[in-house]
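Right, one structure below, let's go through it.
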Amino acid sequence: MSTIMRTLRNLRSIGLKEYGHQMQYMGDTKAGTLVGQDRYGNKYFENMEDLPLRTRWCDYKDQEFNPDQIEPGWHAWMSYMVDKAPSQDPLLQRQVRPWEPAEHRPCLTWSRSAYRPFNTVKNKYQPWTPVAAARR
Numbered sequence: 010m011s012t013i014m015r016t017l018r019n020l021r022s023i024g025l026k027e028y029g030h031q032m033q034y035m036g037d038t039k040a041g042t043l044v045g046q047d048r049y050g051n052k053y054f055e056n057m058e059d060l061p062l063r064t065r066w067c068d069y070k071d072q073e074f075n076p077d078q079i080e081p082g083w084h085a086w087m088s089y090m091v092d093k094a095p096s097q098d099p100l101l102q103r104q105v106r107p108w109e110p111a112e113h114r115p116c117l118t119w120s121r122s123a124y125r126p127f128n129t130v131k132n133k134y135q136p137w138t139p140v141a142a143a144r145r
């Protein structure tokens, strides 16, 4: 939650259209410099005048806020593990290695398409079905 003065200052610096976009998807207004963009289309921003540990943020291309949409180098930058963004540091620039998949596959945990291994172990307990005698 931001103060009224900070919100008005951000409204003046980012414009009405971006203000509406941020309020709809983030619920807060932020103004900063564009640091870079990853290959999925996410945009990364930084504002060093903001509160500590709230100076970096991501504007997702798809508005499904799923953590697997952020590349590892950008995740390290957003979590303050490294100081330089992957667009500025040649060591963090992502190249596709031969053993990596070429396209992005989302995490399917807790969905119907999730991986479930085949179980070869016999169940410890068997389901019980009661058998009732016929009444006389």
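The sequence shown begins at 10 in the numbering used here and counts up one residue at a time.
Think of the CB as a built atom: it goes at the ideal place given N, C-alpha and C, for glycine as much as any other residue.
Where does residue 13 land, buried or exposed, given buried means 16+ other C-beta within 10 angstroms?
Under the 10 Å beta carbon count, residue 13 is surrounded by fewer than 16 other beta carbons and is classified as exposed.
Rounded distance between the beta-carbons of residue 95 and residue 83, thought under 8 angstroms:
6 angstroms
Cβ distance (whole Å) where residue 116 is taken to contact residue 71 below 8 angstroms:
Not a contact, Cβ separation roughly 14 angstroms.
So, helix, strand or coil for residue 86, using DSSP?
helix
Would you list the one or two residues that DSSP bridges to residue 52?
46 and 68
Taking the Cβ atom as the reference point for each residue, do residue 34 and residue 68 lie within a distance shorter than 9 angstroms?
Going by C-beta atoms, residue 34 is nearer than 9 angstroms to residue 68.
The alpha helix (DSSP H) that contains residue 163, what's its start and end?
Absent from the structure is residue 163, since the part of the chain shown begins at 10 and ends at 145.
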